[in-house]
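In the order they appear, the protein sequences are chains L and H.
Residue 230 in the working numbering sits at position 1 of the first sequence, and the numbers go up by one each step.
Residue 464 in the working numbering sits at position 235 of the second sequence, and the numbers go up by one each step.
There are 2 protein chains.
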Amino acid sequence: MTAKHYIYIGYNTCYILCRGAFNLSMKRVTSFDVAKRAGVSRSVVSAVLNDTPGIGVSQEKREAVLEAIRELNYHVDARASGMKTGKSFCIAAFGNTRNPLFLQVLEGIQRACTEYGYHILLSGDPNMDISKLADLYLQRRIDGIISLDSVNAVDESWAQVQKDSGIPFVSIEGFAEESEVVSILVNYKQSVVQALTHMNERVGIQPIYVIFRNEDDIENWAERDRREAYLTWCEQHARNPRVRVITIGDEHAIMELLQEISTDKHGGVPSVLVNWSVGVPLMYRKAYELRLRIGEDIFLMSADNTKRNNQAMLPILSVMDIPYVRMGEMAVHALNEQMNQAKAPSIANKLWVEAELQPGESS
Amino acid sequence: MTAKHYIYIGYNTCYILCRGAFNLSMKRVTSFDVAKRAGVSRSVVSAVLNDTPGIGVSQEKREAVLEAIRELNYHVDARASGMKTGKSFCIAAFGNTRNPLFLQVLEGIQRACTEYGYHILLSGDPNMDISKLADLYLQRRIDGIISLDSVNAVDESWAQVQKDSGIPFVSIEGFAEESEVVSILVNYKQSVVQALTHMNERVGIQPIYVIFRNEDDIENWAERDRREAYLTWCEQHARNPRVRVITIGDEHAIMELLQEISTDKHGGVPSVLVNWSVGVPLMYRKAYELRLRIGEDIFLMSADNTKRNNQAMLPILSVMDIPYVRMGEMAVHALNEQMNQAKAPSIANKLWVEAELQPGESS
DNA sequence: ATGAAAGCGCTAACAA
DNA sequence: TTGTTAGCGCTTTCAT
């Protein structure tokens, strides 16, 4: 007991002396300093800071603590508190910094994170291999991961990381077909239907559906959904479906298409629904070269796009706007549920969002 | 001595027992576990991990440690190590997530951070007040801050935060006139000169310089530099300077300008140099409405812009490309110097970068 | 070369 | 209610 006491006293005394002596030079203010100044113990300081439930602090003490904090310009050390609580209050956002949509997702993540008090760790270097990345996350004791994936490139190793590390994970636009992974997905069927409805109101005839695709991509779920929606819609409205597939890079095909439809006026303005945001600038460019005015000579619309990315286009493209900002927010909420409710089966693993019609001048 | 010993043994024994017993359920692997498995002490593990200078570890022990790390899937706890070393290896990136240029800066920051082993904490909520933000940074014991500022909005409170917190700080495009702050700035004079040179080679006459500005902005240093560069260039080439100031929102002024210059053909294609990226889409739009073809009827160029932001424009805009990605990288390097060399006066506080000519189709 | 031990700043369980 | 204490996982002297 004496020995024990001796150790503690020695410990603290030394500490206090050091503090007192070098406080000015090495300005690391701790909760201890605050406690000392406020004339309370460190636990009280901690209680005040965290509103620890079940522990009351008298009004005067509380104010004394707050006062001391202000005077000493004290800030909790998130690392130290994290070590105790096991939470880092930090989530990782992964995505390709080359992709402008990533910024919108970040905006959403950020907004929601502020709400929960999370901070965002950014790490989207696509060159970095996934195990390096996992190591990084594990080192920082990240509370969760959000990644912006691509519908057609589902990276298996991500799932593996999640399995191994046990870190809660939410994918945006990825893992649509892996039921265990939580993901935020766009309802592309609805997108196409609404686009067709819009165009149908404008012109009497149904649009040609143009599928842009990369050379040797196989059709992904999103593309399948869109195509089926188009065919179904045509069937329901007793129209002949007209589908065209164009490989990215095949300028000639675009030119042919444009020339063909711009002359073929069987009632109303010829119109085109494009499947994929990447195809739009290609269409615009060819139309520009051919001196066709989009929005006058041809109507054009995109079923997978964002308003923000096309605002400088002339004429402004009519789009089904994918709400990336909101998807970012949703991801954080989903992550939060995953973290708190442990294994509650209440949450569905797939969260669907709908694109919103943003009429422009092109249709 | 006995008491002391008793305490330590008790401490460690309990620890070991707990570990052994609950290792599966509470899977927090520590350096202690690694040490035990490799048959060494924790210090050796640490030495292996950090290549601690001046401390050699025999080859076999080192391999044993590495092996154990792999087997146990061990990852250092960055928080714990940070507490000892005083470094968090984390830098904060601040910027407006609404600004697409921010993404390019992030790309650069990221690239350079990978190199140094820093991680990025993102926090760009522009609504959040600056003292909240400072608190956040201080809590996380951030090693440095990079912020993407705007040339015409120098936020005084930022500087205050830096003073108060002592956290190394680098501004991108901000604080040009505050010599104490380290900032990365664009040489806008050079930008204008090179743009004029380029256009002069294309058409015989000097371009009109159009200054787009917000209603009640006062002229900032960048705008002053650009205007002066234009005037100087004209003088040196014995040309009559022609400057136009247009307030954002004044569509009529743009229309007048376009109509005026498109008819006024005194030799060569009439051409325009725009001061600011925001003005470009406005010019394009009016030209589109007037059915003037940029790149044929009028030449147009921008002295403050990015290639990436204009790639979908028709025709592609010729720009002086501001290298935001590189500026992000530079910011990290500058931060690093600030952190390592303490107060070395060797580093100039203002780092200048040059815009690069990216010819498009508009001039 | 290696290991013991101190202590970074905090929170939570417990004691008073 | 308030104060004491153990301990989070690590690095880093300091003895050996």
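The beta-carbon is built from N, C-alpha and C at its ideal position, and this holds for glycine as well.
Everything numeric in this text was worked out from a predicted model, so none of it was measured.
Apart from sequence neighbours up to five positions away, the residues of its chain that approach H/Val-277 with a beta-carbon distance below 6 Å are Val-286, Arg-291 and Val-294, ordered along the chain. Within chain H, the C-beta atoms nearer than 8 Å to that of L/Phe-331 come from Leu-332, in chain order. With contacts defined by Cβ atoms closer than 8 Å, H/Ala-297 and H/Val-263 form a contacting pair. According to the DSSP secondary-structure assignment, L/Asp-550 is paired through a beta bridge with L/Asn-534 and L/Glu-585. Scanning the region 344-394 of chain H from its first residue to its last, the whole beta strand (DSSP E) runs of 3-plus residues come out as 348-351 and 373-377.
Think of a sphere of 8 Å around the beta carbon of L/Glu-336: the chain H residues whose beta carbon falls inside it are Thr-326 and Arg-327, in chain order. With respect to the C-alpha of L/Gly-324, the residue from L/Ala-382, L/Gly-524, L/Asp-446 and L/Ile-527 having the closest C-alpha is L/Ala-382. For H/Tyr-513, the enclosing alpha helix (DSSP H) begins and ends at 508-518. Contact check between the region 553-565 of chain H and the region 398-406 of chain H: three or more CB pairs, one atom from each, fall below 8 Å, which counts as touching. Annotation: H/Ala-307 to H/Glu-409 spans about 32 Å, alpha carbon to alpha carbon. Fewer than three pairs of CB atoms, one per stretch, sit closer than 8 Å, so the region 474-489 of chain L makes no contact with the region 528-545 of chain L. Within the model, the alpha-carbon separation for L/Gln-435 versus L/Asp-526 is close to 16 Å.
Contact annotation for H/His-304 against chain L: Asp-364, Leu-367 and Gln-368 [CB-CB distance below 8 Å, chain order]. Annotation: the continuous alpha helix (DSSP H) that includes L/Ala-482 extends over 480-492.
Judged by their CB atoms, H/Leu-365 and L/Leu-335 are not nearer to each other than the 8 Å cut-off.
Using beta-carbon distances, H/Tyr-553 does not count as an interface residue toward chain L, since no partner is under 8 Å.
In this structure, the CA atom of L/Arg-327 is about 13 Å from the CA atom of L/Asp-378.
Listed by position along chain L, the residues whose Cβ is nearer than 9 Å to that of H/Gln-339 are Thr-326, Leu-351, Ser-352, Gly-353 and Asp-354.
For H/Thr-343, the nearest CB of chain L lies under 8 Å from its own CB, placing it at the interface with that chain. Residues of chain L whose Cβ lies closer than 7 Å to the Cβ of H/Arg-473 do not exist, since the nearest Cβ in that chain is about 22 Å away.
Sixteen is the threshold: since fewer than 16 other Cβ atoms of the shown chains lie within 10 Å of the Cβ of H/Ser-272, the residue is exposed. Secondary structure note for H/Ile-298: its alpha helix (DSSP H) is the uninterrupted segment 288-301. Residue nearest to L/Leu-362 within the set H/Thr-343, H/Arg-266, H/Trp-505 and H/Met-530 is H/Thr-343 (criterion: CA-CA distance). Excluding the 5 residues flanking it on each side, L/Ile-545 has same chain C-beta neighbours closer than 8 Å at Asn-539, Gly-589, Glu-590 and Ser-591, in chain order. Straight-line spacing of the CA atoms in H/Gln-368 and L/Ala-322 works out to 20 Å. Excluding sequence positions up to five before and after H/Val-421, its CB lies within less than 6 Å of the CB of Arg-455, Ala-458, Tyr-459 and Ala-532, all in the same chain and listed in chain order. By the neighbour-count criterion, in which a residue is buried when 16 or more other Cβ atoms sit within 10 angstroms of its Cβ, H/Lys-313 is exposed.
The criterion of a C-beta distance shorter than 8 Å is satisfied by L/Met-428 and L/Leu-502. Cβ contact annotation for H/Val-305 (same chain, cutoff 8 Å, sequence separation greater than five): Ser-260 and Leu-278, in chain order. Buried is the label assigned to L/Gln-333, since at least 16 other Cβ atoms lie within 10 Å of its Cβ. When secondary structure is reduced to three states using DSSP, L/Ile-401 falls in the strand class.
The beta carbon of H/Val-411 sits closer than 6 Å to those of Val-399, Ala-563 and Asn-578, all from its chain and outside the five residues before and after it, given in chain order.
Inter-residue distance for L/Ile-371 and L/Gly-353 is about 15 Å (C-alpha atoms, whole angstroms). Taking a C-beta cut-off of 7 Å against chain H, the contacting residues of the region 540-551 of chain L are Ala-541, Met-542 and Leu-543, listed in chain order. Secondary structure at H/Thr-426: helix, using DSSP grouped into helix, strand and coil. The three-state reading of DSSP puts H/Ser-592 in coil, since its state is none of H, G, I, E or B.
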